[in-house]
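Take a look at the structure set out below.
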Amino acid sequence: MTTPATVRSAAGYLLSWIEAQAAHRRVPGVQVAVRSGDELVLSAAVGVADVAAGTPLTTGHLFRVASHSKMFTATAVLQLVEAGRMRLDDPIGRHLPELSAGSSPIARATVRELLGHLSGVARDGAAADFWQLEQPFPDRDAVLAEVLRDGVVHRRNEYFKYSNVGYALVGLAIEAVTGTPYAEHLRSAVLEPLGLTRTGADHDPARTGEFAAGHTALLLGADRRETLGQADTGAMAAATGFFSTAEELTVFGAGHHFGDERLLADDSKRLMQRLESVVTAYGSEVGRYGIGMALMTVGDRELVGHSGGYPGHSTQTLIDPVGRLVVSVLTNAIDGPAEDLAVGLVKLVDLALQPRVEVPPPPDGAPPPASFTGRFSSLWGVLDIAELGGRLVMVRPTLPDPLPTVEELQVVDGSTLRSAAQPGFGPAGELIRLERDADGRVASLRYGGVTCRPVAPPLRHLPG
3 MTTPATVRSA
13 AGYLLSWIEA
23 QAAHRRVPGV
33 QVAVRSGDEL
43 VLSAAVGVAD
53 VAAGTPLTTG
63 HLFRVASHSK
73 MFTATAVLQL
83 VEAGRMRLDD
93 PIGRHLPELS
103 AGSSPIARAT
113 VRELLGHLSG
123 VARDGAAADF
133 WQLEQPFPDR
143 DAVLAEVLRD
153 GVVHRRNEYF
163 KYSNVGYALV
173 GLAIEAVTGT
183 PYAEHLRSAV
193 LEPLGLTRTG
203 ADHDPARTGE
213 FAAGHTALLL
223 GADRRETLGQ
233 ADTGAMAAAT
243 GFFSTAEELT
253 VFGAGHHFGD
263 ERLLADDSKR
273 LMQRLESVVT
283 AYGSEVGRYG
293 IGMALMTVGD
303 RELVGHSGGY
313 PGHSTQTLID
323 PVGRLVVSVL
333 TNAIDGPAED
343 LAVGLVKLVD
353 LALQPRVEVP
363 PPPDGAPPPA
373 SFTGRFSSLW
383 GVLDIAELGG
393 RLVMVRPTLP
403 DPLPTVEELQ
413 VVDGSTLRSA
423 AQPGFGPAGE
433 LIRLERDADG
443 RVASLRYGGV
453 TCRPVAPPLR
463 HLPG
């Protein structure tokens, strides 16, 4: 079980690490939220919502969270299953008779297979330049026509075949079962029970000014990004239409904790979170998937959740339904490192909760840990001395993975630290000598004999 108080105490450094990552990796904006148990311990925004306009990003800006939509769709299906209105083993043709009338083998694919990407149906169709915003996303008739014409790629259950078209079919089935438009049903069945007001199933033109702008990637050494607009996703909303904020996505994620039955009974959550596919391509495992959720192991945590890739936005939410931790990271660039940042935050949370190795306690009368902390740099890069879980650790904040080079630090006296004695190629076990200014702040330190000096903190863009 995650301890909210410990995670809350680490929130300041979690944000500082995100700031360093965003600056180093040149991400326009990052919106981040961390929920531990029932408590929102971090909600923050760094950078800009629009590079061209220079608008500061806030925690209220809306992001297109793309394939997060699949978690919402699968949740709605399991609710209908619990109510006896749909079965996971229903053939999709039962709800979409056009497929049966057209003699498509996809008509026999089950709802479960579509939700688990095992139906063999095409990913996006033969003409998918809607992903470049060069044409509209397909409507109901266009999706069905595409499936009837070119929908079959593999036999059912032959391969894991990620399919947005398959989720579009499930969205149409939800409409057939409920007699209600997809967005309207999802609002009443999933969003309102959680009190989500900044989340919706597709682009809402009335809220255009609330969206963070999307941005192109930095390609081949380029240093300029182009700003991208918004688009309605039509019948593909069930696969990729949703918008939200990091904060509200952690509320949705907490709805999938065991014991929280606002959305689903625990039996249904176990179905969604159960491993359906180990995805292996060219001999290497590239992912794991359940029903509407991706599965991932980080340290000792078994996580579920989803990523999202929309023109101009890259997003990731990770949920520990047993340890009751949710991390959501939203970036407004196609190449935004949302997964790296979310995984890194989980690792830093666990570092706060559990030392990598025990070191001797501080001597009596030693200054508090906070008096040693800061961000420092030398010719060889940047390092942080951070307080996590009441301990001092050294972190290299520009590395994609913070954990492998983390060092536990021992307080020797008010001007000396020692890195934990461990095998390695660096100065492990050596003293770190500090110089303090007249106000007692760390003015420099020597790590491995090299002088490191404080780095001025970057500008934070937080809501007023």
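Residue 3 is where the sequence shown starts when you use the working numbering, and the numbers rise one by one after that. All residues carry an ideal CB built from backbone N, CA and C; glycine is no exception.
Can you give me the start and stop residues for the beta strand (DSSP E) that residue 356 sits inside?
Translated into the one-based positions of the sequence shown, residue 356 becomes position 354. From DSSP, residue 356 is part of no beta strand (DSSP E); its letter is neither H nor E.
Let's test the definition: count the other Cβ atoms within 10 Å of the Cβ of residue 423 and tell me whether it reaches 16, buried, or not, exposed.
Here the question's residue 423 lines up with position 421 in the sequence shown. Burial state of residue 423 is exposed, judged by a 10 Å Cβ sphere holding fewer than 16 other Cβ atoms.
Measure the Cβ-Cβ separation of residue 406 and residue 23 and say whether it is below 8 Å.
As a first step, residue 406 must be located in the sequence shown, where it is residue number 404. As a first step, residue 23 must be located in the sequence shown, where it is residue number 21. Their beta carbons are not under 8 Å apart, which means residue 406 does not touch residue 23 by this criterion.
To the nearest angstrom, report how far apart residue 420 and residue 379 are at their CA atoms.
Position 418 of the sequence shown, counted from the first residue, corresponds to residue 420. Position 377 of the sequence shown, counted from the first residue, corresponds to residue 379. The straight-line gap from Cα to Cα measures roughly 18 Å.
Out of 131, 323 and 247, which one is the CA nearest neighbour of residue 39?
The residue you call residue 39 lines up with position 37 of the sequence shown. The shortest C-alpha separation from residue 39 is found at 323.
Please report the straight-line C-alpha distance between residue 279 and residue 116, rounded to a whole angstrom.
On the sequence shown, residue 279 is found 277 positions in, with the first residue counted as 1. On the sequence shown, residue 116 is found 114 positions in, with the first residue counted as 1. Distance between the alpha carbons of residue 279 and residue 116 is about 13 Å.
Assuming residue 26 is part of the alpha helix (DSSP H), what are its boundary residues?
Taking the first residue of the sequence shown as 1, we reach residue 26 at position 24. Per DSSP, residue 26 belongs to the alpha helix (DSSP H) from 6–26.
Would you mind stating whether residue 198 and residue 250 have Cβ atoms separated by less than 8 Å?
The count along the sequence shown starts at 1 and reaches residue 198 at position 196. The count along the sequence shown starts at 1 and reaches residue 250 at position 248. Contact flag set, yes.
When the Cα of residue 93 is compared with those of 245, 106 and 433, which residue comes out closest?
Residue 93 sits at position 91 when you count from the first residue of the sequence shown. Taking each of 245, 106 and 433 in turn and checking the Cα distance to residue 93, the smallest one comes out for 106.
Starting from the N-terminal side, write out each stretch of the alpha helix (DSSP H) that is 4 residues or longer and does not extend beyond the region 171–237.
Here the runs fully enclosed are 184–188.
From the DSSP secondary-structure annotation, give me the bridge partner or partners of residue 245.
In the sequence shown, residue 245 corresponds to position 243, counting from 1. Among the bridge pairs identified by DSSP, residue 245 is matched with 66 and 202.
Please report the straight-line C-alpha distance between residue 123 and residue 153, rounded to a whole angstrom.
What you label residue 123 is simply residue 121 of the sequence shown in a count that begins at 1. What you label residue 153 is simply residue 151 of the sequence shown in a count that begins at 1. Going by the C-alpha atoms only, they are around 5 Å apart.
Please report whether the beta-carbon of residue 132 lies at a distance below 8 Å from any beta-carbon of chain B.
The structure shown contains no chain B, having only a single protein chain.
Option nearest residue 8 by Cα separation, candidates 201, 396, 213 and 350
Counting from one through the sequence shown, the residue named residue 8 turns up at place 6. Nearest of 201, 396, 213 and 350 to residue 8, Cα basis: 350.
Beta-carbon contacts of residue 34 that lie in its chain and below 6 Å, excluding the five residues immediately before and after
Within the sequence shown, the letter at position 32 stands for residue 34. Here the set comprises 20, 46, 248 and 331.
Assign residue 37 to buried or exposed, taking buried as 16 or more other Cβ atoms, counted over all protein chains shown, within 10 Å of its Cβ.
As a working mapping, residue 37 is identified with position 35 in the sequence shown. Result: buried.
Have a look at residue 57 and residue 216 and give me their C-alpha separation to the nearest angstrom.
Within the sequence shown, residue 57 is the residue found at index 55, counting from 1. Within the sequence shown, residue 216 is the residue found at index 214, counting from 1. Residue 57 and residue 216: Cα-Cα distance of roughly 13 Å.
Residue 308, enclosing beta strand (DSSP E) - first and last residue:
If you number the sequence shown from 1, residue 308 lands on position 306. Segment 303–312, the beta strand (DSSP E) holding residue 308.
Do you know how far the Cα of residue 162 is from the Cα of residue 283?
Against the sequence shown, residue 283 aligns to sequence position 281. Against the sequence shown, residue 162 aligns to sequence position 160. Between residue 283 and residue 162, the alpha-carbon positions lie close to 10 Å from each other.
Please say whether residue 14 and residue 59 have beta carbons closer to each other than 8 Å?
Taking the first residue of the sequence shown as position 1, residue 59 is located at position 57. Taking the first residue of the sequence shown as position 1, residue 14 is located at position 12. Against a cut-off of 8 Å, the Cβ pair of residue 14 and residue 59 comes out as no contact.
Is it the case that the region 121–139 contacts the region 223–236, given that we only count it when at least three CB pairs across the two stretches are under 8 Å?
yes
Quick check: the Cα distance between residue 142 and residue 298, rounded to an integer number of angstroms?
Working through the sequence shown from its first residue, we reach residue 142 at position 140. Working through the sequence shown from its first residue, we reach residue 298 at position 296. Cα-Cα distance, rounded: 33 Å.
Pull up the CB-CB distance for residue 354 and residue 301, whole angstroms please, since I reckon it's below 8 Å.
By one-based count along the sequence shown, residue 354 stands at place 352. By one-based count along the sequence shown, residue 301 stands at place 299. Actually they are not in contact, since the Cβ atoms of residue 354 and residue 301 sit about 12 Å apart, beyond 8 Å.
Alpha carbon of residue 112 to alpha carbon of residue 328, nearest angstrom:
For the purposes of this step, residue 112 is identified with residue 110 of the sequence shown, where counting begins at 1. For the purposes of this step, residue 328 is identified with residue 326 of the sequence shown, where counting begins at 1. Using only the alpha carbons, I get a separation of about 30 Å.
Using the three-state DSSP reduction, which class does residue 298 fall into: helix, strand or coil?
Indexing the sequence shown from 1 puts residue 298 at position 296. Correct three-state label for residue 298: strand.
Going by DSSP, what residue range makes up the alpha helix (DSSP H) through residue 94?
On the sequence shown, position 92 is the one that residue 94 refers to. Residue range 94–97 is occupied by the alpha helix (DSSP H) that includes residue 94.
Classify residue 174: buried if its beta carbon has 16 or more other beta carbons within 10 angstroms, exposed otherwise.
Position 172 of the sequence shown, counted from the start, is the residue given in the question as residue 174. So residue 174 counts as buried.
How long is the line joining the alpha carbons of residue 156 and residue 144, rounded to whole angstroms?
Residue numbering aside, residue 156 sits at position 154 when the sequence shown is read from its first letter. Residue numbering aside, residue 144 sits at position 142 when the sequence shown is read from its first letter. Approximately 21 Å between the Cα atoms of the pair.
The beta strand (DSSP E) enclosing residue 46, as first and last residue numbers:
Locating residue 46 in the sequence shown gives position 44, where the first residue counts as 1. Residues 41–52.
Opposing strand residues paired with residue 289 [DSSP bridges]
Translated into the one-based positions of the sequence shown, residue 289 becomes position 287. BP columns for residue 289 point to 281.
Could you tell me which whole alpha helix (DSSP H) segments of length 4 or greater appear in the region 248–273?
Runs of the alpha helix (DSSP H) lying entirely within the region 248–273 and spanning at least 4 residues, in chain order: 248–256.
DSSP three-state label for residue 88, please.
Position 86 of the sequence shown, counted from the start, is the residue given in the question as residue 88. It is coil, neither helix nor strand.
For residue 58, the three-state DSSP class (helix, strand or coil)
Position 56 of the sequence shown, counted from the first residue, corresponds to residue 58. Under the three-state reduction of DSSP output, residue 58 falls in the strand class.
Pop quiz: residue 310 and residue 69 are said to be a contact at Cβ under 8 Å. What is the actual Cβ separation, rounded to whole angstroms?
Mapped onto the sequence shown, residue 310 falls at position 308. Mapped onto the sequence shown, residue 69 falls at position 67. About 5 Å; that satisfies the 8 Å criterion.
Short Cβ contact (8 Å threshold) for residue 470 with residue 246:
Not covered by the structure: residue 470. The range shown for the chain is 3 to 466.
Using a 10 Å radius around the Cβ and a threshold of 16 neighbouring Cβ atoms, would you call residue 374 buried or exposed?
As a position in the sequence shown, residue 374 is number 372, starting the count at 1. Buried, by the Cβ-count rule.
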